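**Q** My numbering puts the first residue of the sequence shown at 299, with every later residue one more than the last. Below is the structure I would like to discuss, written out as structure tokens.
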Amino acid sequence: AFINELLTNDRSADFFKRYRVVVYPLLNPDGVDMGHWRHNAGGIDLNRDWAYYRQPETRQVADHLVNLVADSKSRVVLGLDFHSTQKDVFYTLPDSGYVSHIPWFKRAWLHGIEQTIGGDYRLNESPSGIGQPVSKGWFYTQFKAEGVTYEVGDETPRDFIRQKGRVAAQVMIDVLLDKGGKR
Numbered sequence: 299a300f301i302n303e304l305l306t307n308d309r310s311a312d313f314f315k316r317y318r319v320v321v322y323p324l325l326n327p328d329g330v331d332m333g334h335w336r337h338n339a340g341g342i343d344l345n346r347d348w349a350y351y352r353q354p355e356t357r358q359v360a361d362h363l364v365n366l367v368a369d370s371k372s373r374v375v376l377g378l379d380f381h382s383t384q385k386d387v388f389y390t391l392p393d394s395g396y397v398s399h400i401p402w403f404k405r406a407w408l409h410g411i412e413q414t415i416g417g418d419y420r421l422n423e424s425p426s427g428i429g430q431p432v433s434k435g436w437f438y439t440q441f442k443a444e445g446v447t448y449e450v451g452d453e454t455p456r457d458f459i460r461q462k463g464r465v466a467a468q469v470m471i472d473v474l475l476d477k478g479g480k481r
């Protein structure tokens, strides 16, 4: 739903004039095949391999992104890493101590998601530093990009997962276009 919204939103054309999106679909098919399991066939949690690159999946993505940025002379401003686990949660960087290229993004995006979904919905955010070798920390350390791990619960109703995915993409587009300024 998130990617579909990126491609079909009324503001998509404007968004893609200003931002490039790189998508790596299903980085861990082994974990999906094994069912609700975070490890790949090598027995490694791929989201704990972003400083070691022991697994081909993380090594290939890291190498590709670093080379892509160098070749295109561009910068990464946001790294979103989608996962599933026991509960819906957004793992983010703390509000203080980390200044990304877009320091205003996280607060505006998360607030916008919560407000747009409305009702009794309260977003679950869990900020933590870059001490663990996870993707959100890698995006920040490597590129000074805002890093977020977007987790959906294994038992979260599928309709709500789709709704939240659409809303998260809509709000991301709006926040980046409206607050992003000239680049």
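The beta carbon of each residue, even a glycine, is placed where N, CA and C say it ideally should be. Because the structure is a prediction, the values reported are computed rather than measured.
1. Thinking just about the alpha-carbon of each residue, which of Val321, Phe300, Met332, Asp472 is nearest to the one in Phe403?
2. DSSP on His362, reduced to helix/strand/coil?
3. By Cβ distance, which residues of its chain are closer than 6 Å to Leu378, with the 5 residues on each side in sequence left out?
4. Would you mind stating whether Leu391 and Leu408 have Cβ atoms separated by less than 7 Å?
5. In three-state terms, what does DSSP make of Val446?
6. Straight-line CA distance for Gln358 to Ile411?
7. Grab the span of the alpha helix (DSSP H) containing Asp331 for me, first residue to last.
8. Grab me the residues of Ala406's own chain with a C-beta within less than 7 Å of its C-beta, minus the 5 sequence neighbours each way, in chain order.
9. Please go through the stretch 362-389 and give each complete beta strand (DSSP E) segment of 3 or more residues, from N-terminal end onward.
10. For the alpha helix (DSSP H) that Glu423 lies in, which residues bound it at each end?
11. So is Lys434 buried or exposed if we call it buried at 16+ other beta carbons inside 10 Å?
12. Since I believe Phe314 is in contact with Leu475 (beta carbons under 8 Å), could you give me their beta-carbon distance rounded to a whole number of angstroms?
**A** Per the coordinate set shown:
1. The shortest C-alpha separation from Phe403 is found at Asp472.
2. The answer is helix: DSSP assigns His362 an H, G or I state.
3. Only Val446, Tyr448 meet the Cβ criterion.
4. In this structure, Leu391 sits away from Leu408, with a CB-CB distance that is not shorter than 7 Å.
5. Strand, per DSSP.
6. Going by the C-alpha atoms only, they are around 31 Å apart.
7. Note, Asp331: alpha helix (DSSP H), 327-332.
8. Excluding positions up to five away in sequence, the list reads Val473, Lys477.
9. Fully contained in the stretch 362-389 are the following beta strand (DSSP E) runs of length 3 or more, in chain order: 376-383.
10. Boundaries for Glu423: no alpha helix (DSSP H) harbours it, while the beta strand (DSSP E) harbouring it runs 423-425, taken from the DSSP string.
11. Buried, because 16 or more other Cβ atoms sit within 10 Å of the Cβ of Lys434.
12. That pair is no contact at about 11 Å.
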